[in-house]
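Novice:
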Amino acid sequence: MFHDPRFWSAVAFVLFFVLFGRSLWKPLVSALDGRAERIRAELDEAARLRREAEQMLEDATRDREAALAEAKELVEHSLREAANIAVKARQDAEDIAARREQMAKDRIASAERSALREVRETAIDIAIQATRETLAASLPADTDGKIIDKSIGDLPAALSQRAA
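Just so we're on the same page, this note's numbering is the position in the sequence shown counted from 1, plus 257.
#1: In angstroms with no decimal places, state the Cα-to-Cα distance between E299 and W282.
#2: Roughly how many angstroms lie between the CA atoms of L416 and K407, to the nearest whole one?
#3: For H334, does the three-state DSSP call read helix, strand or coil?
#4: Would you report the Cα separation of A267 and L289, rounded to the nearest angstrom?
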């Protein structure tokens, strides 16, 4: 057993750790503690970042929902405005059509009155001309002065009768 190199290797290993174990153990423990502390700090930072990310996700979700609601409201408002504009445009078109129809009716009535006036004037002119020709053919030349004098005398009475 004392001649076995494995035995002496084991004894050297144990003696090495007994003699130098404390001086090696403190730096090793402090290095491991430092690494554990860094890992703990990184985990805390990761947890904090995760909470912030979750909060940001919630905020973004709320903002998105608010934006969708606002967009929906804007679309509904636009549709209502478009419907109101269409109704107003339809009403304006109907009003314009009614005004144009009334103007056309007024023009037709005016044209009818003008045509009736022209027909009456033409009929009066023809009647006067026919009366002249008839009177000239049937009356002797000296009676036309008497008829004119009688007509001039009856003129004030006819005018007052027509004015009333």
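Cβ atoms here follow ideal geometry from the backbone N, Cα and C, with glycine treated the same way. Quick caveat, the model's predicted, so the values are computed rather than measured.
Specialist: Taking the definition as stated:
#1: As a first step, residue 299 must be located in the sequence shown, where it is residue number 42. As a first step, residue 282 must be located in the sequence shown, where it is residue number 25. Their Cα atoms are separated by approximately 25 Å.
#2: Within the sequence shown, the letter at position 159 stands for residue 416. Within the sequence shown, the letter at position 150 stands for residue 407. Their Cα atoms are separated by approximately 14 Å.
#3: As a first step, residue 334 is located in the sequence shown; it is residue number 77 there, counting from the start. Looking at H334 - three-state DSSP - the assignment turns out to be helix.
#4: Locating residue 267 in the sequence shown gives position 10, counting from the first residue. Locating residue 289 in the sequence shown gives position 32, counting from the first residue. Spanning the two alpha carbons is a distance of roughly 26 Å.
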